[in-house]
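To keep things clear, I will list the structure first and then write my remarks on it.
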Amino acid sequence: MKKFLLFSLCCLLSSLSQAQLQLNWTTPIDVAPASFGNDYPRIVLNGEQQPMITWGSNKKVYFTRFFDAGFLDPLQLNDDTTNAYVASWTGPDLVARNDTIYAGFMHEQWHKKTYIVRSFDNGQSFSAPLLVENYPDSASRFPTVAIDQLGNPVVAVMKMGLNEQDPHYVLRKSFDYGTSFTAESTVGGWSGVQSQACDCCPAAVTAEGANLAVVYRDNLNNVRDIWAAVSTDNGQSIEQGFTVDDNHWQISACPSSGPDAVLIGDTLCSVFLSGNACYLSRTSISTGILASVVQLGALPVAGNQNFPRIDRLNKQVVITWRGSAGINKYLHLAYTDDITNGAPFLQDTVYTGNFSAADVALGAEGVHVAMEDITGTVKYMHGTFSSTAVDVVPAASISIFPNPCADLMHIDAHGTFGQFAIYRLDGSLVQRGVLESPLDVSPLPTGSYILELLDADKRQVRQLFVKN
Numbered sequence: 021m022k023k024f025l026l027f028s029l030c031c032l033l034s035s036l037s038q039a040q041l042q043l044n045w046t047t048p049i050d051v052a053p054a055s056f057g058n059d060y061p062r063i064v065l066n067g068e069q070q071p072m073i074t075w076g077s078n079k080k081v082y083f084t085r086f087f088d089a090g091f092l093d094p095l096q097l098n099d100d101t102t103n104a105y106v107a108s109w110t111g112p113d114l115v116a117r118n119d120t121i122y123a124g125f126m127h128e129q130w131h132k133k134t135y136i137v138r139s140f141d142n143g144q145s146f147s148a149p150l151l152v153e154n155y156p157d158s159a160s161r162f163p164t165v166a167i168d169q170l171g172n173p174v175v176a177v178m179k180m181g182l183n184e185q186d187p188h189y190v191l192r193k194s195f196d197y198g199t200s201f202t203a204e205s206t207v208g209g210w211s212g213v214q215s216q217a218c219d220c221c222p223a224a225v226t227a228e229g230a231n232l233a234v235v236y237r238d239n240l241n242n243v244r245d246i247w248a249a250v251s252t253d254n255g256q257s258i259e260q261g262f263t264v265d266d267n268h269w270q271i272s273a274c275p276s277s278g279p280d281a282v283l284i285g286d287t288l289c290s291v292f293l294s295g296n297a298c299y300l301s302r303t304s305i306s307t308g309i310l311a312s313v314v315q316l317g318a319l320p321v322a323g324n325q326n327f328p329r330i331d332r333l334n335k336q337v338v339i340t341w342r343g344s345a346g347i348n349k350y351l352h353l354a355y356t357d358d359i360t361n362g363a364p365f366l367q368d369t370v371y372t373g374n375f376s377a378a379d380v381a382l383g384a385e386g387v388h389v390a391m392e393d394i395t396g397t398v399k400y401m402h403g404t405f406s407s408t409a410v411d412v413v414p415a416a417s418i419s420i421f422p423n424p425c426a427d428l429m430h431i432d433a434h435g436t437f438g439q440f441a442i443y444r445l446d447g448s449l450v451q452r453g454v455l456e457s458p459l460d461v462s463p464l465p466t467g468s469y470i471l472e473l474l475d476a477d478k479r480q481v482r483q484l485f486v487k488n
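Take any residue in the sequence shown, count from 1 to its spot, add 20: that is its number in our numbering.
In structure tokens, the structure reads:
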């Protein structure tokens, strides 16, 4: 752990000292008129790097893609015989690899049937809905979809008795691009013999190469932590399960907030809600060892976080989550260009407004976001990266004392800097504001931090020690 923190610190110092990585965002636009609704948007990129979005409204599943200068008129992916259950907290799932796209959804009659539609032309056209399952003696909900290395869909669904007893996730795989599916493999039960799936929390399934993981919220006597079930044979069997969450969150009611995850080599990166905060964890799928769990940014004052989402491009990772404080809602983002070096170190608030949740996709042309806006529309934003060189002020020209410090830290920067930011060693932001000396660090827990001093074209980074 010490080596991990030291390496993360070196990466953070280098990044902050030499250049300022920025995301330049477009103004949010409506994906479609409000008459098409806005429940549970999901965004992915096709083989041409075009953003594609699904969402639901009034039993319908809609799809659109960006072409030329805007989004095309929405396509309806289901019909009157396959009406869908959609809500703000659950709805259709969407996944893409190159020109192949799958969307999965559940029937409007709670517990009845799960469907998938497919496209092999970058989303220009879709098949009629194909049946994933129709249990005669059980119920199902919350389909989540991944694509294996051969382009076939893998679908995880929550299965339970007709009276909603014994909820647990199962996995079904196709070898013919969704025309048919194999018998199910049971996913859950790893935390204990009495464990169940948290019955109103959607799951996530992710695949890379021959590896596959289903990440879900477990329920063992009301301890509702996040667990993962792993396959290393392309989803044909589930071989092991392990926790990706060490918070031991005990709550009697289901929080209606599921995890998201990506696989990068042997590492499973998971994001999830626990308590009133969101976290990122990294776990080895070969050993099941939980390497790290870090909170995503600082909590809003008297507020909370929820609905984290994650995407990747090679070793790059981007995460979004919602922060709330009263009626105010904030879309936060974290990014790293190499997740193997530690937790994300670029963090920003990219949107402030009244929205419910968001999804994110990372591509060669930047970050794409779809939001469920309170106005009744799905909104879209696109952020492109830029790196701005800055002058690094010699450390000898700045005096910081005492360091370690328990309360008031004096910073003599000779009027060079007007702003400051304090980061944890994992790169998450603790505090930022106007630089005034002395700086009160007494609210910070004992530990090591990064103090960043900055102005329009200058910055300096120093290590800060707090000892209470």
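Virtual Cβ for every residue (Gly too), placed ideally from N, Cα, C.
State the beta-bridge partners of W341 as determined by DSSP. H352
Taking Cβ to Cβ, would you say F375 is nearer than 8 angstroms to P328? no
Cβ-Cβ separation, I167 to L150 (assumed contact under 8 angstroms), whole Å: Not confirmed; about 15 angstroms, so no contact.
Length of the line joining the Cα atoms of G438 and F86: 41 angstroms
Which residue comes first and which comes last in the beta strand (DSSP E) that contains Y469? 467-474
For S147, name the three-state secondary structure that DSSP assigns. coil
What do you get for G124, buried or exposed, if any count of 16 or more other CB atoms within 10 angstroms of its CB means buried? Buried.
Proximity of N231 and L170 at Cβ, strictly below 8 angstroms: no
Taking 8 angstroms as the limit between beta carbons, can you name the residues of its chain near D253, skipping five residues before and five after? Only A230, E259 meet the Cβ criterion.
For the beta strand (DSSP E) containing P94, name the first residue and the last one. Note, P94: premise wrong, no beta strand (DSSP E); not H, not E.
I'd like the span of the beta strand (DSSP E) that includes S160, first residue to last. 159-167
When the Cα atoms are used, what is the spatial distance from A384 to Q69? 7 angstroms
Could you tell me if W130 is buried or exposed, where buried requires 16 or more neighbouring beta carbons within 10 angstroms of its beta carbon? exposed
CA nearest to the CA of P275, picked from T287, A248, V250, R244: R244
Got a sec? Which residues, its chain only, sit under 8 angstroms from P112 by beta carbon, not counting five neighbours each side? Within the same chain, P112 has close Cβ partners Y60, R62, T74, W75, G76, V81, L97, A104, V106, A123, G124, F125.
Extent of the continuous beta strand (DSSP E) run through N239: 231-239 is the extent of the beta strand (DSSP E) around N239.
Just to confirm my understanding: we take M178, look at its own chain, exclude 5 residues before and 5 after, and list those with CB closer than 6 angstroms. What are they? R161, F162, P187, Y189, A217
Based on Cα-Cα distance, which residue from T372, C289, N58, S406 lies nearest to L333? C289
What is the DSSP secondary structure of S462, counted as helix, strand or coil? coil
Once you ignore the five residues that flank D358 on each side, which residues in its own chain have a CB closer than 6 angstroms to its CB? These residues qualify, in order along the chain: K335.
Do D266 and V310 count as a contact pair if the criterion is CB distance below 8 angstroms? In the sequence under discussion, the amino acid at residue 310 is Leu, which differs from the Val named in the question. Contact: yes.
Could you check how far apart the C-beta atoms of V165 and A116 are, in whole angstroms? I think they sit under 8 angstroms. Between A116 and V165 the Cβ distance is about 10 angstroms, and since that is not below 8 angstroms, they are no contact.
Which same chain residues end up closer than 8 angstroms to I271 when comparing Cβ atoms and leaving out the 5 residues on each side of it in sequence? N242, R244
Rounded separation between V370 and H352 - CA only: Computed Cα separation, rounded: 6 angstroms.
Using only the alpha-carbon positions, how far apart do R482 and L471 sit? 5 angstroms
With DSSP collapsed to three states, give me the class of V54. Going by the sequence as given, residue 54 is Ala instead of Val. DSSP places A54 in helix when its eight states are reduced to three.
Determine the burial state of F421: buried for a count of at least 16 other Cβ atoms within 10 Å of its Cβ, exposed for fewer. exposed
Buried or exposed by the 16-neighbour rule on C-beta atoms within 10 Å, applied to H402: buried
L473 versus I330, S462, Y443, residue with shortest Cα-Cα distance: Y443
Considering only C-alpha positions, which residue in the set T372, V389, L316 is nearest to A378? V389
Apply the 10 Å Cβ neighbour rule to L182 and answer buried if 16 or more other Cβ atoms are within range, or exposed otherwise. Looking at its Cβ environment, which holds fewer than 16 other Cβ atoms inside 10 Å, L182 is exposed.
CB contact flag (S462, L316, <8 angstroms): no
What would DSSP say about N488, mapped onto helix, strand or coil? coil
Could you compute how far the alpha carbon of N142 sits from the alpha carbon of P71? 10 angstroms
What first and last residue would you give for the beta strand (DSSP E) that runs through R452? 449-454
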